[in-house]
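Order-wise, the sequence lines are chains A and B.
Its first residue numbered 279, the first sequence is counted upward by one per residue in this note's numbering.
Its first residue numbered 814, the second sequence is counted upward by one per residue in this note's numbering.
Structure record follows, encoded as structure tokens.
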Amino acid sequence: MRCTKILLAALPVAVLVAGCSDDGGGGSAATEPVTVTLTDAGCDPTVVSATGGTVTFAVKNDRDSKAEFEILSKTPEILVEKFLESKAAGNFQVNLKAGSYEIICGAPSDTRAALTITGQGDVAVLKVDKAALDAAVTAYTAYVREQTKALETGTKAFTDAVRAGDTEKAKTLYAQVRIPWERIEPVAELFPDSDGVIDSRADDFEQKEADPEFTGFHAIEYGLWANGTIGGAKVDLVSLANGLDKDIAALIALVNGLEIQPQVMTNGAAALIEEAANTKITGEEERYSKTDLATFAANVEGARKVFDLVEVLLSGVNKKLDDSITKDFTTVDDLLAKYKEGAGYASYDKVTNGDRDKFKTSMASLSEDLAQVTGSFGLEVVE
Amino acid sequence: MSDPTRTTLSRRRLLAAAGVAGVGVTGVGAAAAINRSGNGDTETVTSTKGFVPFQGDHQSGIVTPHQQHGLVAAFNVTARDRESLIEMFKSLTATTRDVMAGRSGEVRDALLPPDDNLILSPQIDPDALTITLAVGESLFDDRFGLTAQKPTRLVRMPAFPNDEPHPDTSHGDLLIQICADHDDTCTHALRRLMRTSRKYLTLRWMLSGFVRPNELPHGRTSVRNLLGFKDGTANLDTTDIALMNQHVWVQPGDDEPKWTAGGSYMAVRVIRNRVEFWDRTALRTQELIIGRSKASGAPLDGSLETDVPRYSVDPDARVTPMSAHIRLANPRTTDTESSLLLRRGFNYSLGFTPNGQLDQGLLFVCFQRDLAKGFIAVQERLNGEALEEYIKPIGGGFYFALPGVARGDGWLGEDLLS
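Listed below in structure tokens is the structure:
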């Protein structure tokens, strides 16, 4: 398979201890390691070079005593310092930008090696076709735009109904407007402040539902279902609706201005399922409206979209994983299909305990599998 | 009508009780006299095995070497007045002295409920048991006339941005921390203490935990948390008295009520870990989030657990990300030195939550001389850290660990209440 390099922003150095960085490990060991031996005289060889990015050093200590391996910058600063027992060997991975460095093998006075790093720096080795991955990201970006558009119109219709005092209409529109939101939730979560004001649950606040900080979808949901009326004593739904309009508009502007990175897309699929498995399986997300199945399904759809876009790439690098994910999605889809009611889903109350267990196991299996996709592509998640 | 069987049984029990009493009077095992406070007072113990002295300028369980088990129990105080509060502290002190010294309760007539629960047998090894009493901010409300005595920096634990606050199972007027090398030693002590104080104290929340301490040089220990990472590596050297005075113990002359000298601010946090999610996160991502190698515990620019990270030569975060937990918690700058604190936490495992995921996490405990400069400053730096996605603080509280009791007739809280 052809390996391509991809630019990643702000990739920090990661160092793996010897034995943890074999070929199956980090997904970035495809470049030739830089081999350095610590001899009695110092470094051997004395001139080494590598391409910028994650550089693997294969270091061996030929001395009769424990010795040190250090990489120095020009300043000089010690970037990495490793001790090796006598006759021991180890592999270290270091992320290095283009430039000149020095290596110390043993004492600073021993013969040093000059290390030249060429190229752009900050590169990791991609295991899938870059053009195809880029195409998937482009398609996913278009999907996100579609969803933000639906979110924009859906929110307006929903908040209009709230402002008009039409409780029944607002309740119907609530489950609908949650769908585009839940499909792209991991992208929205890249902006935690917006996410917090729009999608927090009462649990996040000290005074729970009564907390003045409790705003967004679930505060309105609480007002509509638990209070039953618009303009009830506790919840000022009109001002919550006005706030939601403003917050959603701000978030959409942020999301639309975002250049989606491939790992945000692939990891986002895993994050959607984690989210559903963590908080939706219990019926706590939509606790007042009981519309959990609709948002649960939207999480699954959002993850499914990513999977569909990258499946051809995944089958190239890990057919077994691809097959397993396909099976997982089918299991979840079949379960969801049992509870379809009209255009939406049954109330979460109606999900039997047996099916709740099946949701748990199938979502856990999907989480385990989707968590491997990003790494299988040679992509790294940068926090 | 009398029941002959019952009479016989009662007699047998009485005889057994008399037998135990005989042993109790002469003492079990090798009694030892321990004098730590230097004022002539001694403490009598049943066995020196794992005995941690109660008496001293500071309470035990703070700079004591980390035991393998620990629990914290927080209580609401229902004592009616100051007098009852004093009674409560006196009786808690008496029981604390007894159980830390390995003394099982008095032997009573078998027709009465026994004094000791005997879950450890009548012969108790101290087992490194420590009991630490700490008071919460709410004790200083208007109930006991203690408002003016409140430690200056003691506040009710606020809700930090990533918290899921549960006020009913956080905070509390009084916190008892019990640590020992076995879980049942802690349980035994808790039951003895609660029995002593039942009329004044009602449980508000509690949690028990475990760790496997790993000795590091210079009086330090580290443990592995349930994320599988070394925790406490950069902890303070508890054998360094000057360092403890600088960072852990409130000093005479501090901007604090006089009675607090020798005590310490205690921050407790119940931090749930999303362990399933964490376990399916790439190793490299985990290491970058924490800032250490998972296997060795070494910082990312070093090779040994005890290596000190050199962030000053890594200003562009080429080696250790700025968002790495250990870099945020302790940036190792002169400016942040004042936030050094002593961590002494435990892992917990409570079964599972309704979503079918394990309910595990960290019972975080730390001690410091200044709560604002210590835990609060550290947490403010950690707000928004990459690790937040995997952890959820769900409880805990801020407390003040009382100063120690140096005299044989002294009691915990004496300087606060008399």
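All C-beta atoms, glycine included, are put in the ideal place defined by N, C-alpha and C.
Simplified DSSP assignment, three categories, for residue i
i	result
A:Gly656	coil
B:Asp1228	helix
A:Asp400	Residue confidence for A:Asp400 is low, a pLDDT of 44 falling below 50, so the modelled location carries little weight; the figure read from the coordinates is stated next. Here A:Asp400 sits in coil by DSSP.
A:Ile462	coil
B:Asn930	coil
B:Arg1085	strand
A:Ser517	helix
A:Gly302	Low per-residue confidence applies at A:Gly302: pLDDT is 34, beneath 50, and the placement is therefore not dependable enough to give any value.
B:Ile944	strand
B:Ile1044	Strictly speaking, residue 1044 of chain B in this sequence is Asp, with Ile absent from that position. If DSSP states are grouped into helix, strand and coil, B:Asp1044 belongs with the strands.
A:Gly384	coil
B:Asn848	Per-residue confidence for B:Asn848 stands at a pLDDT of 42, beneath the threshold of 50, marking its modelled position as unreliable; the derived number appears in the next sentence. Note: B:Asn848 maps to coil in three-state DSSP.
A:Asn556	helix
B:Leu1215	coil
A:Tyr418	helix
B:Pro1112	strand
Candidates the options: closest to residue i by CA position
i	options	result
B:Gln1064	B:Gly1210, B:Gln1173, B:Pro964, B:Arg895	B:Pro964
A:Lys628	A:Leu532, A:Ile526, A:Thr560, A:Glu552	A:Thr560
A:Leu644	A:Ala621, A:Thr569, A:Leu362, A:Ala554	A:Ala554
B:Gly915	B:Lys903, B:Ala1095, B:Asp928, B:Asp940	B:Asp940
B:Leu1122	A:Ala328, A:Glu359, A:Ala504	It is worth fixing the name first, because residue 1122 of chain B is Pro in this sequence and not Leu. Comparing Cα positions, the closest option is A:Glu359.
B:Ser1077	B:Ala1111, B:Phe867, B:Gly874, B:Gln868	B:Gly874
A:Leu374	B:Ser1136, B:Leu1155, B:Asp1127	B:Asp1127
B:Ile944	B:Ala1130, B:Lys862, B:Cys992, B:Ile1207	B:Cys992
B:Asp870	B:Gly1158, B:Gly883, B:Thr1073	B:Thr1073
A:Gly377	A:Pro458, A:Glu424, A:Pro354	A:Pro354
B:Arg1156	B:Asp1067, B:Val865, B:Val1024, B:Asp1114	B:Val1024
B:Val1218	B:Asp1228, B:Val1178, B:His1138	B:Asp1228
B:Ser1010	B:Arg1145, B:His1138, B:Ala1142, B:Phe888	B:Phe888
A:Gly546	A:Ala345, A:Thr630, A:Ser640, A:Thr419	A:Thr419
A:Glu310	A:Ile498, A:Thr332, A:Asp318, A:Gly622	A:Thr332
A:Leu536	A:Glu467, A:Phe483, A:Asn556, A:Asn505	A:Glu467
A:Cys383	A:Thr334, A:Val314, A:Lys583, A:Ala439	A:Val314
B:Val1191	B:Arg1145, B:Leu1230, B:His995, B:Thr877	B:Arg1145
Chain A within 9 Å of residue i, Cβ atoms only
i	result
B:Gly1115	yes
B:Arg1123	yes
B:Phe1042	no
B:Asp976	yes
B:Val1132	yes
B:Pro980	yes
B:Thr1098	yes
B:Gly1197	yes
B:Phe867	no
Proximal residues of chain A, C-beta to C-beta of residue i below 7 Å
i	result
B:Glu1118	Correct list: empty, because the minimum Cβ distance to chain A is about 11 Å.
B:Val1126	Glu355, Ile356
B:Phe1295	Outside the modelled stretch of chain B, which goes from 814 to 1231, sits residue 1295 of chain B, for which no answer is possible.
B:Pro1167	Thr560
B:Ala1095	Gly653, Val659
Run of the alpha helix (DSSP H) containing residue i, from where it starts to where it stops
i	result
B:Asp1060	What sits at residue 1060 of chain B in the sequence shown is His, not Asp. Residues 1054 to 1060.
A:Gln371	Element bounds for A:Gln371: not the alpha helix (DSSP H) but the beta strand (DSSP E), 367 to 374.
Short CB-CB distance (under 9 Å) between residue i and chain B
i	result
A:Ile476	no
A:Val610	no
A:Gly302	For A:Gly302, the predicted model reports a pLDDT of 34, less than 50, meaning its position is unreliable and no value from the coordinates is stated.
A:Phe361	yes
A:Gln669	The structure shown does not extend to residue 669 of chain A, since chain A spans only 279 to 661, so no value can be given for it.
A:Ser517	no
A:Val372	yes
A:Lys375	yes
Residue range of the beta strand (DSSP E) that includes residue i
i	result
B:Gln1173	1171 to 1181
A:Thr313	312 to 316
A:Pro540	It is not in any beta strand (DSSP E) - A:Pro540 instead sits in the alpha helix (DSSP H) that spans 540 to 553.
B:His1138	Careful: B:His1138 lies outside any beta strand (DSSP E), inside the alpha helix (DSSP H) at 1138 to 1142.
B:Met1019	1014 to 1023
Within chain A, partners of residue i - CB distance below 8 Å
i	result
B:Gln1170	Ala555, Asn556
B:Ala972	Phe483, Glu484
B:Phe1090	Glu552, Asn556, Ser645
9 Å Cβ cutoff, residue i in contact with chain E
i	result
A:Phe492	The structure shown contains no chain E; the protein chains it does contain are A and B.
Chain-ordered neighbours of residue i on chain A, where CB pairs are closer than 9 Å
i	result
B:Arg1087	Glu552, Asn556
Proximal residues of chain B, C-beta to C-beta of residue i below 8 Å
i	result
A:Lys638	Asn1168, Gly1169
A:Ser472	Within chain B, no residue comes near A:Ser472; the closest Cβ sits about 14 Å away, beyond 8 Å.
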